[in-house]
Amino acid sequence: MELPAIASAVGAVLGQGHKLVDLIITLKYARSDIEDRAIKIESYWRRTQVQLDFAQSTWSGLREEHQASQLSILSLLQSKIKTAERRVEGLLKKQKDGHCNPDSRRKIKLTKYLLVKPYLDSLIDELAEWSAVYDPSWFLIMKIANPKIDDELKRLTSASSKEATVLLRRATKVRAAISKFEPSDTHIFLSPNELEKMDTRRVPHSQAMIAHEQGSSTSYIVDSIPCPGHSNTETMTQDIRRLARKLRAVDPAVFGVLRCRGVVKMRHVTGSRVASFDMIFDTPSPGTPMSLRNCLLMQQPHSLTDRFSLAKRIATSVNYVHTLAFVHKGIRPENFISFLNPTAEDDLTLDSFYLIGFEQVRSEDGNTYLRGSANWEQNMYRHPERQGSFPEERYKMQHDIYSLGVCLLEIGLWNSFVMYDNNGRISGPGRAFEVSASDLLRFTPGAFKDLLVGLAKRRLPPIMGNTYTEVVVDCLTCLDADNDEYEEISEAEDQDGVVVGVKFINQVLLQLNEISV
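Using full-length UniProt numbering, read the sequence shown as starting at 1 and increasing by one per residue.
Printed below as a string of structure tokens:
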């Protein structure tokens with residue numbers, strides 16, 4: 001894609017965007033009580049301007065697939081701006097000469113006066129939705145090994161508005177965290193006293209712990225990574241340090257991943273070795289944590305809109321884990337948690353889940369042991385290549401995509417695939433499989449995958465629609481030989497993981513975003 005193409009596309013969007021913001025300012029002059037909404041819109045636009053400027057400046061360093069994805073998302077923004085411009089223009093009285101001039105202090109039509117706030121609220125929501133769609137593609141640029149990217153981050157950070165500077169500094173931190181350079185002054189490991197002075201308890205249906213500081217309302221999530229006696233502690237320490245650096249750089253609201261405060265090395269009872277690395281995460285809310293598994297088991301009814309929002313949220317978090325240059329290896333409902341509203345604990349917001357459970361995580365370019373699990377409840381979420389105690393294949397990003405597909409199927413059916421008894425112990429597979437528990441547990445890995453694909457094709461369309469069904473089936477078949485969208489990509493062709501990242505954005509995130517209820 002030539003530079004003139006992106007320059008033309010960005011120029012057109014920026015021109016239309018500036019015109020829209022001018023109209024919003026005109027509305028603000030006409031009605032002082034909408035100032036807060038106008039400020040939000042202007043803030044979103046300043047942020048978007050900087051993102052587009054950055055993308056245009058670094059365009060030559062992007063792969064062709066990435067460029068095409070960027071232009072596709074940009075066309076969505078252009079369409080939204082055109083529609084918003086027409087709607088806002090319709091609120092204002094025509095000038096005598098028939099032209100629009102924001103400086104002429106045009107007045108709002110009396111018949112449209114009550115529509116101003118709803119229109120602006122709708123525009124704010126649409127800009128927020130577009131940002132949520134564009135951010136994954138934009139942050140993916142941070143993975144590209146090109147010094148031009150660093151130069152542009154510095155240039156724009158020194159010359160941008162406050163809102164845009166926050167975004168650029170976050171991007172700079174993410175880029176630094178995924179770089180090969182290891183800063184010597186990074187303070188990652190904390191004293192064991194940090195945990196010893198806290199009260200801890202397990203989050204139901206999750207391996208995570210919730211920890212409270214004594215005499216304080218501050219709480220943390222503790223995610224424990226075991227360090228078996230046969231492990232190379234020095235190598236594992238380096239891996240954990242890299243992981244914690246990356247998770248310290250995240251914006252939880254955007255990335256769907258909790259921010260890491262630090263790591264505590266917990267000693268074995270004998271004191272002779274490290275027994276585990278306990279990662280401590282800040283919580284975004286003082287509310288009670290709840291796992292997605294717990295939510296599925298409760299069977300509390302939620303609207304399709306809420307469930308689509310949940311699907312987009314967990315897909316986004318998986319995407320950003322890959323943007324941070326590691327694969328998770330444990331994508332399942334036990335490893336997504338949300339926080340209940342402390343003043344209304346019956347009110348669970350499905351679009352605010354966070355991915356945790358980094359027990360088996362590794363860097364994209366790091367070695368992965370051919371070690372798995374014999375637990376059926378974990379193998380259920382693993383691709384057939386990765387099931388059993390001794391998997392056949394090394395872990396790669398597509399294996400996480402498969403696991404996401406199982407979770408999306410579960411959300412679509414709104415039925416837990418794993419059942420627990422009253423004591424919190426796993427009691428067997430869920431009823432959604434339409435076969436007996438004893439028969440299900442005898443399925444070969446390949447036969448179980450076929451069962452999931454068949455379940456998705458048969459049960460999802462009347463509930464979640466065709467587009468959602470296609471996303472789920474695409475995820476479940478991403479490693480199939482006949483899946484053209486996720487055809488085999490060699491590590492030599494995709495050393496930075498950008499190609500798989502772009503395919504995931506196009507085939508999952510953009511498709512989920514197109515669903516409307």
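Glycine included, C-beta positions come from ideal geometry on N, C-alpha and C.
If you're wondering where the values come from, they're calculated on a predicted model, not measured in any experiment.
Judged by DSSP in its simplified three-state form, K94 adopts coil rather than helix or strand. Under the DSSP assignment, P461 falls in the alpha helix (DSSP H) whose first and last residues are P461 to M464.
Among the bridge pairs identified by DSSP, A211 is matched with T200 and Y220.
E234 and L243 have their C-alpha atoms roughly 14 Å apart.
DSSP assignment within the stretch 375-440 yields the following whole beta strand (DSSP E) runs of 3 residues or more, N-terminal first: 418-420 and 426-429. Taken through DSSP and simplified to helix, strand or coil, D282 comes out as strand.
Assignment of beta-bridge partners to I108 by DSSP yields L92. I178 is bridged by DSSP to nothing; it lacks a bridge partner. For K112, the closest of I124, K93 and D125 by C-alpha to C-alpha distance is K93. The three-state secondary structure of I149, taken from DSSP, is helix.
Collapsing the DSSP output to three states places K329 in coil.
Judged by DSSP secondary structure, S131 falls within the alpha helix (DSSP H) whose first and last residues are V116 to L140. Per DSSP, V500 is one residue of the alpha helix (DSSP H) stretching across V498 to F504. Collapsing the DSSP output to three states places P445 in a helix. Of the residues A68, P226, T200 and L355, the one whose Cα lies closest to the Cα of L247 is L355. Taking a 10 Å sphere around the C-beta of A5, we find fewer than 16 other C-beta atoms and assign the residue as exposed. In the displayed model, I144 falls within coil according to three-state DSSP, outside both helix and strand. Contact between G446 and P384 holds, since their C-beta atoms are separated by about 5 Å, short of 8 Å. When secondary structure is reduced to three states using DSSP, P301 falls in the coil class, being assigned neither helix nor strand.
Beta-bridge pairing by DSSP links P289 to F339.
V435 and R459 have their C-alpha atoms roughly 15 Å apart. The beta carbon of P289 sits closer than 6 Å to the beta carbons of V203, I210, I337 and F339 from its chain, once the five residues preceding and following it are set aside; these are given in chain order.
DSSP, reduced to helix, strand and coil, places P226 within a strand of the structure shown. Following the DSSP letters along the chain, one finds R261 inside the beta strand (DSSP E) bounded by residues C260 to R267. Apart from sequence neighbours up to five positions away, the residues of its chain that approach E514 with a beta-carbon distance below 8 Å are T467, ordered along the chain. In summary, E410 is buried, with 16 or more beta-carbon neighbours lying within 10 Å of its beta-carbon over all protein chains present. By the neighbour-count criterion, in which 16 or more other beta carbons inside 10 Å mark a residue as buried, G229 falls on the exposed side. Closest by C-alpha distance to M380, out of G405, E359 and G357, is G405. DSSP places S43 inside the alpha helix (DSSP H), whose first and last residues are E35 to S57. Taken through DSSP and simplified to helix, strand or coil, A171 comes out as helix. Between A164 and L123, the beta carbon gap of about 19 Å keeps them out of contact (Cβ cut-off 8 Å).
Distance from the CA atom of S224 to the CA atom of L452, rounded to whole angstroms, is 31 Å. Of the candidates L23, L156 and D400, the residue whose Cα lies closest to the Cα of Y119 is L23. Residue K265 holds the alpha-carbon nearest to the alpha-carbon of L195 among S231, A132 and K265. In the structure shown, the three-state DSSP call for A9 is helix.
Under the three-state reduction of DSSP, V250 is assigned to coil, being neither helix nor strand.
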